[in-house]
Structures are given as C-alpha cells and as structure tokens.
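Asker: So that we are looking at the same thing, I have put the structure below in structure tokens.
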Amino acid sequence: MTKNKLPIFLVATLALLVLPLIVQGFGQAWVRILDVSLIYILLALGLNIVVGYAGLLDLGYVAFYAVGAYLFALLASPHLSNHLPAVAAMFPAGLHLPVWAVIPLGAGVAALVGVLLGAPTLKLRGDYLAIVTLGFGEIIRVFMNNLDAPVNITNGPKGIDSIDPFTVFGVSLGEPWHIAGHVLQPVTLHYYLFLGIVVLAVVISLRLENSRLGRAWMAIREDEIAAKAMGLNTRNLKLLAFGLGATFGGMAGVLFSSFQGFVSPESFSLQESVMVVAMVVLGGSGHVPGVILGAFLLSALPEVLRHVAGPLQAMTGGRLDASILRQLLVALAMVSIMLWRPRGLWPAPRHEDQAGGAS
C-alpha cells in the first residue's frame, strides 16, 4: 500500500467501525439494513467472479445461496432430530454445529454444487448458458419446496426455524453485549462479523483479479476461442470460476440463515438472482469497488425508499400501493443509471486508459 493511500484506508476503516454505533441511535432497523447490505455485497462479489471476470452469465446464482442457508439450518437446529429417528438417537438434543465449522462446510458444499452446475454447461455461451443456469436455480428452489416427503428434510414451504444464532468464543451474538456502559445490540454485533468476512472476500477478489488465474478468466471473457488458441484450458478455468463464485454464495447463505433464524424457499426466488446480477452490472462488472457500490445501493435503496413511498401514497389518497410504488421507484433508478452510466456506476478502467496513463 502506498503512503498516499494509507490515510484514505485508515479513515475508511474508522468510518466502517463507527458507522453502526452512529446508525443504531436512529433505530435498529437501520443497522439491519447495513447487515443485509453486507450479505448482498458478499453475494455480488461471488457472482462477479463468474460474470465479471470469466464472462459467464449465471442467472441461477441464488441456488448456491440456498445451499449454504439450508445446510446451516439443518446442522444448527433441532429439525433433523425432530424428524429423523436415526439422527435423534445419535443427537438427542439436536444438531448444533458451531458456525466456524459450518461456514467452511457451507462454502465447500456450495463449491461442489457449482462445479456440478458448471460441468454440463461448458459448451454453452450467452443466452443459452443463462437459460440453463436459470433452470438450475429454479430446480434447487423446487427441491427445497418439496423435500418434506416421504422424509422431511427441508420442511417444505413452511421452512426451518429455531436456527442457532452465531456464537463467537462461546458468546452468543443473538443477545446484547454490555461493554463499558454501552449496549451493543445483536444487529450491531452481526455487522462487525459480516464486515470481517466481507473484507476477507474483497481481499481474495482483488488478489484473484491481479493473478494469472484472473487474467486467464478475463482472456476467456474477451475471446474464448483466442484464449483456447493461446493454450489456456478453458474447461478447467470455467469450472474453477463456477466453484469459487459458488463458495462466496454458500458463505452468504450461512450468514443469512443464522442472522434470520429462519429459512424458507421464498427467500431464494428468481427475483433474488436477477437482483444480484443487476448489482454486478449496475455497479461495474469486473470491478470490485463498483460491485460493492452496486450491491450496497440496490440492497439499501428499496428499504430507504419505504420512507418515500409512504408520503407519496398519502398524496394520492391511497390509490397507489406503497410496495408497488417502491418497486417502481427502484426500477426508475436502475433505468436512469443505465442511461447515464451504461458501463456501470464505477466501471473498471479501460485498457487504453491504463496504457495512456502509463505513457
């Protein structure tokens, strides 16, 4: 890190650490918005590996999110012990694996699912790849919705509840912490945990972008035939992109599951996949700062607009539904951004710009 960037880095670090302490003074709902935004940032960073780096349009990314969420729900709740006698005999009190064991496990299982998805789609490109991945995401959701008979694994559309909260060094994040006369609410404690994981994901993404692997993915994105002619094993590189991207999705699912304390198939609809793709594209595909900006805006904007939709509904005498009006405002914001900044709010620098700056 250069000396010029060090002050900016320190100020940004201090701002991120102090932000929830300031925001919680206006209500816990605002801190919760920050928590959800961090989960979406982690999802967007994972999809950016697939879409932004490797150029593979994946519309079923929410499937990996669901895999991580349901894995933690099954391994950190009494659900399996209540419905499977064999599990109840071995674990009478229910399965309650610690989060530090389930996060790597969720990431690994999601990566395996990502490779299984990538294997049959290696020869597909563009719209055909998008359709296949879209179908895969819907298959996973339908499985979660119907896997309650003859053996109740996912509890079907009713979902799984009583999921354990995070526990760090034996202390639960589901209860307030009292430190030096100050009270840190559970939503604030989750913020710091999520922030640490997102920072780790950002570091990994930046390292990947500047590595040989990242440059190979970008070569495939620009021209797969030319990349193959130069000796790149495009098959293995694509599988690796799907697997690494899915890892981030699985981790985000674990965080979401414990944070909510409840999961159901409704949380993993096609709309979620489309929203994460929009975060990557609107922020700046292939550019980590842009992806973070896009994920934060599109996850926080709908919640902030709740305070705008209400007064507008009152002005029309209640003829406009607040939720529909909020969706309309978000859609107008997205269209305006794409017209104003077609390459995204914070796009990656062009190669010719970098060359011009170096000369």
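Position in the sequence shown counted from 1, then plus 208, gives you the working numbering. Beta carbons are placed, not taken as given, at the ideal position from N, Cα and C, and that holds for glycine. Bear in mind the structure is a predicted one, so any value in this text is a computation, not a measurement.
How is S380 classed by DSSP in three states: helix, strand or coil?
Answerer: Within the sequence shown, the letter at position 172 stands for residue 380. Correct three-state label for S380: strand.
Asker: Below 8 Å on the Cβ atoms is my guess for A252 versus M487; work out the distance and round it to an integer in Å.
Answerer: The residue given as residue 252 occupies position 44 in the sequence shown. The residue given as residue 487 occupies position 279 in the sequence shown. So it is a contact: roughly 4 Å between Cβ atoms.
Asker: Residues bridged to W554 by DSSP?
Answerer: Here residue 554 refers to the residue found at position 346 when the sequence shown is read from its first residue. Note: W554 sits in no beta bridge, so no partner.
Asker: Run through DSSP, which three-state label would P215 get?
Answerer: For the purposes of this step, residue 215 is taken as residue 7 along the sequence shown, with counting starting at 1. Three-state DSSP puts P215 in a helix.
Asker: A294: beta carbon under 7 Å from a heavy atom of the ligand SAM?
Answerer: Inclusion of the ligand SAM in the displayed structure is not the case, the ligand content being empty and no account of it being possible.
Asker: Could you compute how far the alpha carbon of L537 sits from the alpha carbon of V516?
Answerer: On the sequence shown, position 329 is the one that residue 537 refers to. On the sequence shown, position 308 is the one that residue 516 refers to. A direct Cα-Cα distance of roughly 9 Å separates L537 from V516.
Asker: What residues are listed by DSSP as bridge partners for H291?
Answerer: What you label residue 291 is simply residue 83 of the sequence shown in a count that begins at 1. According to DSSP, which records beta bridges pairwise, H291 is partnered with nothing at all.
Asker: For R349 and I371, I'd like the C-alpha separation in whole angstroms.
Answerer: Within the sequence shown, numbered from 1, the residue matching residue 349 stands at position 141. Within the sequence shown, numbered from 1, the residue matching residue 371 stands at position 163. Answer to the nearest angstrom: the Cα atoms are 20 Å apart.
Asker: Is T375 helix, strand or coil when you go by DSSP?
Answerer: Here residue 375 refers to the residue found at position 167 when the sequence shown is read from its first residue. Of the three classes helix, strand and coil, the one that applies to T375 here is strand, per DSSP.
Asker: Is the distance from the Cβ of Y261 to the Cβ of R429 below 8 Å?
Answerer: Locating residue 261 in the sequence shown gives position 53, counting from the first residue. Locating residue 429 in the sequence shown gives position 221, counting from the first residue. Yes, these two residues count as a Cβ contact at 8 Å.
Asker: Provide the residue span of the beta strand (DSSP E) that contains I387, from first to last.
Answerer: Indexing the sequence shown from 1 puts residue 387 at position 179. Run containing I387: W385 to I387, per the beta strand (DSSP E) assignment.
Asker: Please return the same chain residues whose Cβ sits closer than 7 Å to the Cβ of P497, not counting the five positions on each side in sequence.
Answerer: Taking the first residue of the sequence shown as 1, we reach residue 497 at position 289. Contacts found: W554.
Asker: I'd like to check one pair, V340 with F450: are the Cβ atoms closer than 8 Å?
Answerer: The sequence position of residue 450 within the sequence shown is 242, counting from 1. The sequence position of residue 340 within the sequence shown is 132, counting from 1. No, these two residues do not count as a Cβ contact at 8 Å.
Asker: Got a sec, what are the start and stop residues for the beta strand (DSSP E) V259 sits in?
Answerer: The sequence position of residue 259 within the sequence shown is 51, counting from 1. The continuous stretches of beta strand (DSSP E) do not include V259, and DSSP gives it neither H nor E.
Asker: Can you round the beta-carbon distance between S475 and I368 to whole angstroms, since I take them to be within the 8 Å contact cut?
Answerer: As a first step, residue 475 is located in the sequence shown; it is residue number 267 there, counting from the start. As a first step, residue 368 is located in the sequence shown; it is residue number 160 there, counting from the start. The beta-carbon distance between S475 and I368, rounded to whole angstroms, is 11 Å. This is too long to meet the 8 Å contact definition.
Asker: Cutting at 6 Å between CB atoms, please list the residues of its own chain near R443, excluding the five before and the five after it.
Answerer: If you number the sequence shown from 1, residue 443 lands on position 235. Once the five neighbours on either side are set aside, the close Cβ partners of R443 are L330.
Asker: For the beta strand (DSSP E) containing V391, list its first residue and its last residue.
Answerer: Position 183 of the sequence shown holds residue 391. In the DSSP assignment, V391 falls within the beta strand (DSSP E) that extends over H390 to L392.
Asker: May I ask you to report which of helix, strand or coil DSSP gives I368?
Answerer: One-based indexing of the sequence shown puts residue 368 at position 160. Correct three-state label for I368: strand.
Asker: If you draw a straight line from the C-alpha of V270 to the C-alpha of K366, how long is it?
Answerer: Your numbering for residue 270 matches position 62 in the sequence shown. Your numbering for residue 366 matches position 158 in the sequence shown. If I take the Cα positions, the gap works out to 19 Å.
Asker: By the 10 Å Cβ neighbour count, where 16 or more other Cβ atoms means buried, how is L540 classified, buried or exposed?
Answerer: In the sequence shown, counting from the first residue as 1, residue 540 sits at position 332. It is exposed - the Cβ of L540 has fewer than 16 other Cβ atoms within 10 Å.
Asker: So does the segment 374 to 381 actually touch the segment 395 to 409, counting three or more Cβ pairs closer than 8 Å?
Answerer: yes
Asker: Considering only C-alpha positions, which residue in the set P306, V379, V275 and V295 is nearest to N353?
Answerer: Taking the sequence shown and counting its residues from 1, one reaches residue 353 at position 145. Ranking P306, V379, V275 and V295 by Cα distance to N353 puts V275 first.
Asker: Let me know the secondary structure DSSP gives Q562 once reduced to three states.
Answerer: Position 354 of the sequence shown, counting from 1, holds the residue named residue 562. Model confidence at Q562 stands at a pLDDT of 49, short of 50, so the residue's coordinates are unreliable; what they give is reported in the following sentence. Here Q562 sits in helix by DSSP.
Asker: Ordered along the chain, which non-local residues of its own chain (more than five positions away) have a Cβ less than 8 Å from that of L590?
Answerer: Residue 590 cannot be examined here, being either before or after the span of the chain that is shown, 209 to 567.
Asker: Would you check if the distance between the CB atom of R534 and the CB atom of P519 is smaller than 8 Å?
Answerer: The sequence position of residue 534 within the sequence shown is 326, counting from 1. The sequence position of residue 519 within the sequence shown is 311, counting from 1. No, the Cβ-Cβ distance between R534 and P519 is not below 8 Å.
Asker: Between which residues of its own chain and L282 is the CB-CB distance below 6 Å, once the five residues before and five after are set aside?
Answerer: If you number the sequence shown from 1, residue 282 lands on position 74. Cβ neighbours of L282 beyond the five flanking positions: L288.
Asker: Span of the alpha helix (DSSP H) holding Y336?
Answerer: What you label residue 336 is simply residue 128 of the sequence shown in a count that begins at 1. G334 to N354 is the span of the alpha helix (DSSP H), which, as asked, contains Y336.
Asker: Grab me the residues of R240's own chain with a C-beta within less than 8 Å of its C-beta, minus the 5 sequence neighbours each way, in chain order.
Answerer: Against the sequence shown, residue 240 aligns to sequence position 32. Only V395 meet the Cβ criterion.
Asker: How is V471 classed by DSSP in three states: helix, strand or coil?
Answerer: Position 263 of the sequence shown, counted from the first residue, corresponds to residue 471. V471 carries a strand assignment under DSSP once its states are collapsed to helix, strand and coil.
Asker: In chain order, what residues of the same chain have a beta carbon less than 7 Å from the beta carbon of W238, not counting five sequence neighbours either side?
Answerer: Here residue 238 refers to the residue found at position 30 of the sequence shown. Excluding its 5 nearest sequence neighbours in each direction, W238 has C-beta neighbours in its own chain below 7 Å: V231, listed in chain order.
Asker: My output table needs one value for R549: the three-state DSSP class, helix, strand or coil.
Answerer: Here residue 549 is taken as the residue at index 341 of the sequence shown, counted from 1. Note: R549 maps to coil in three-state DSSP.
Asker: Which same chain residues, not among the five before or five after L325, have their C-beta less than 8 Å away from its C-beta?
Answerer: The count along the sequence shown starts at 1 and reaches residue 325 at position 117. G268, A271, T341, F344, F450 and A454.
Asker: Can you list, in chain order, the residues of its chain with a C-beta nearer than 6 Å to that of Y248? Leave out the 5 residues immediately preceding and following it.
Answerer: If you number the sequence shown from 1, residue 248 lands on position 40. Cβ neighbours of Y248 beyond the five flanking positions: A503 and S507.
Asker: If you run the structure through DSSP and keep just helix, strand and coil, what is N444?
Answerer: Along the sequence shown, read from residue 1 onward, the residue named residue 444 stands at position 236. Three-state result, N444: helix.
Asker: Go to R527, then tell me how far its alpha helix (DSSP H) extends in each direction, as first and last residue.
Answerer: Taking the first residue of the sequence shown as position 1, residue 527 is located at position 319. R527 -> no alpha helix (DSSP H), and no H or E assigned at all.
Asker: Between which residues of its own chain and I584 is the CB-CB distance below 6 Å, once the five residues before and five after are set aside?
Answerer: Outside the shown range of the chain, which is 209 to 567, sits residue 584, and nothing can be said about it.
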